[in-house]
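Notes to accompany the following structure.
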């Protein structure tokens, strides 16, 4: 009998307890440090690099350096911080931020709601793929900003056309990545499901969908980035509110510090929404956690 | 488990006048031709042959993934018309669902059958216990070693109580030691469950050690070159692999396969190799060698 060999190979070998007495705080701290060394290092270097960026910015603007590029009118970090504290008490600035976020939320959600199922269906049914794919390929290279005039004609309100442009920006990366994920599903897994008695619908739900999820989330991350790019462009051209409009308006009104504030706000909001998607991805795909 | 153990013997596989070809630009390519094999209820039968001889093709036809060009595949008199949970399959690449835990993988077939969650959880735990894997039920497959993955693969295929178990080079990716342990585990399970097994491998030792009967296939287009009963007593022990009986079987099977492998290589190597072989085998038949 190989029962003993089987179990030892399975290896639920209890970890040898190091010692009866619990280790001191000092050794624990040291161990924790060793285990997280590389992460701590990355955080430390990241902070240093951001501070260095601020310092260089500060020096370039304080001394109004002109060397090919002109820093004469560029606001200093201090000036931007001043306009940031002012903006924090200005309900109008917060309205800009909230409206931009709302547009992103609606446009991006619609893109995900349409793009993911369409990609899944296109990946599964060849006819749908053959019908939709050529159209998608022609429309895909058109940058969202080129959609602005068309969007204004298509939609009755400005708000709707901006949301539509955000949608367009997010839609194609989501669709194409979902489709790509579907094309990479391991056929052996499909066969494994089939000879365990799975029918078409179950295979779709239990194999194709989860197998495509990593690529779907790649699509969502890329889509979110493009959605922000498209939103800012649309707001600069046709908006009345929104963080893109705020940045452009600051330029027209010669509020130089507000230009930088708008840019940083866009950067932070973009980063925040990417992190949200990454977090959602980790929640939905626990098997991908290292 | 009791239900599985006490049912009447079934799982009679019959493949008659089987051939399978597929289309290519040069015309139809014959993968398998004029093949008859059978597996009696509760019998362990292996198919060996040079790589590319169509042994996996044959197995996939029994599983229902491929339709025979001519001939018929039946299990207990019923024609095979596509994959079903009646024929469990184990793949070389393990093909566990990476997004399901070990237990969820084992539960899959029962879930497809519509069994209630609590009931199938209990069934899966029992089966995992038999395979010495209960400690790993909540792990994702990625965290497991190759041997453990394949044990989960076997347990998953057996969970629905199939009539026959089909294995496609299941231990091909494992190291030598794990391979031997897995062979022991498989024979133990097979003896306990009294299930019919059709096992594809290119490892001659493995085929002899496990089987009641071995089919040896010719090079492409594949057909049955020889059918060799393995009269070694059961239960089989590792030590038998050194017995003269085992070694004689091994030698016979080896020369059959070498002949076919050389044929499969073709060209000048083929001619030279065949001359060498002819001298070696001159005047001998397989029976003489054994």
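Protein chains in written order, with my numbering: chain A, 1 to 290; chain B, 291 to 580. In this text, a Cβ means the ideal position worked out from N, Cα and C, and glycines have one as well.
Report the residue from the options whose alpha carbon sits nearest the alpha carbon of residue i.
i: residue 99 of chain A; options: A:199, A:41, A:54 and A:160; result: A:160
i: residue 528 of chain B; options: B:343, B:472 and B:464; result: B:472
i: residue 382 of chain B; options: B:461, B:339 and B:534; result: B:461
i: residue 550 of chain B; options: B:328, B:430 and B:338; result: B:338
i: residue 196 of chain A; options: B:327, B:306, B:331 and B:380; result: B:380
i: residue 510 of chain B; options: B:536, B:332 and B:555; result: B:555
i: residue 74 of chain A; options: A:105, A:259, A:55 and A:236; result: A:259
i: residue 303 of chain B; options: B:454, B:414, B:431 and B:410; result: B:454
i: residue 136 of chain A; options: A:172, A:36 and A:147; result: A:172
i: residue 428 of chain B; options: B:420, B:408, B:440 and B:394; result: B:394
i: residue 399 of chain B; options: B:445, B:438 and B:481; result: B:445
i: residue 355 of chain B; options: B:362, B:369 and B:373; result: B:373
i: residue 187 of chain A; options: A:167, A:211, A:165 and A:202; result: A:211
i: residue 464 of chain B; options: B:371, B:336 and B:436; result: B:436
i: residue 334 of chain B; options: B:524, B:553, B:508 and B:500; result: B:500
Step through the CB atoms of chain A and report whether any lies within less than 8 Å of the CB of residue i.
i: residue 558 of chain B; result: Note that residue 558 of chain B scores 43 on pLDDT, short of 50, meaning its location in the model is unreliable and no value can be drawn from it.
i: residue 519 of chain B; result: no
i: residue 466 of chain B; result: no
i: residue 388 of chain B; result: yes
i: residue 430 of chain B; result: yes
i: residue 344 of chain B; result: no
i: residue 373 of chain B; result: yes
i: residue 383 of chain B; result: yes
i: residue 379 of chain B; result: yes
i: residue 419 of chain B; result: no
i: residue 364 of chain B; result: no
i: residue 405 of chain B; result: no
i: residue 451 of chain B; result: no
Determine the extent of the beta strand (DSSP E) in which residue i is found, giving its start and end residues.
i: residue 324 of chain B; result: 317-329
i: residue 313 of chain B; result: 303-314
i: residue 336 of chain B; result: 334-338
i: residue 505 of chain B; result: 503-507
i: residue 485 of chain B; result: No beta strand (DSSP E) holds residue 485 of chain B; DSSP gives it neither H nor E.
i: residue 362 of chain B; result: 360-365
i: residue 379 of chain B; result: 377-380
What residue does the alpha helix (DSSP H) around residue i start on, and which one ends it?
i: residue 101 of chain A; result: 91-124
i: residue 171 of chain A; result: 158-183
i: residue 49 of chain A; result: 37-62
i: residue 244 of chain A; result: 243-252
i: residue 347 of chain B; result: 345-353
i: residue 189 of chain A; result: 187-194
i: residue 152 of chain A; result: 148-154
i: residue 84 of chain A; result: 77-88
i: residue 202 of chain A; result: 200-203
By DSSP, does residue i sit in helix, in strand, or in coil?
i: residue 516 of chain B; result: strand
i: residue 472 of chain B; result: helix
i: residue 230 of chain A; result: helix
i: residue 209 of chain A; result: helix
i: residue 285 of chain A; result: coil
i: residue 221 of chain A; result: helix
i: residue 65 of chain A; result: coil
i: residue 269 of chain A; result: helix
i: residue 139 of chain A; result: helix
i: residue 535 of chain B; result: helix
i: residue 495 of chain B; result: helix
i: residue 235 of chain A; result: helix
i: residue 457 of chain B; result: strand
i: residue 130 of chain A; result: helix
i: residue 550 of chain B; result: helix
i: residue 526 of chain B; result: coil
i: residue 70 of chain A; result: strand
i: residue 369 of chain B; result: strand
i: residue 342 of chain B; result: coil
i: residue 274 of chain A; result: helix
i: residue 21 of chain A; result: coil
Does residue i come within less than 8 Å of chain B when only Cβ atoms are used?
i: residue 210 of chain A; result: yes
i: residue 147 of chain A; result: no
i: residue 287 of chain A; result: yes
i: residue 275 of chain A; result: no
i: residue 124 of chain A; result: no
Quick one: is the Cβ of residue i within less than 7 Å of any heavy atom of the ligand FAD?
i: residue 260 of chain A; result: With respect to small molecules bound, the structure shown includes none, and the ligand FAD cannot be examined in it.
Exercise. Between the segment 188-207 of chain A and chain C, which residues of the former have CB atoms less than 9 Å from a CB of the latter, in chain order?
Worked result: Absent from the structure: chain C. Protein chains present are A and B.
Problem set entry | Length-filtered (4 minimum) alpha helix (DSSP H) runs lying within the segment 389-454 of chain B | Counting only runs of 4 or more, we get 392-402, 407-420 and 436-449.
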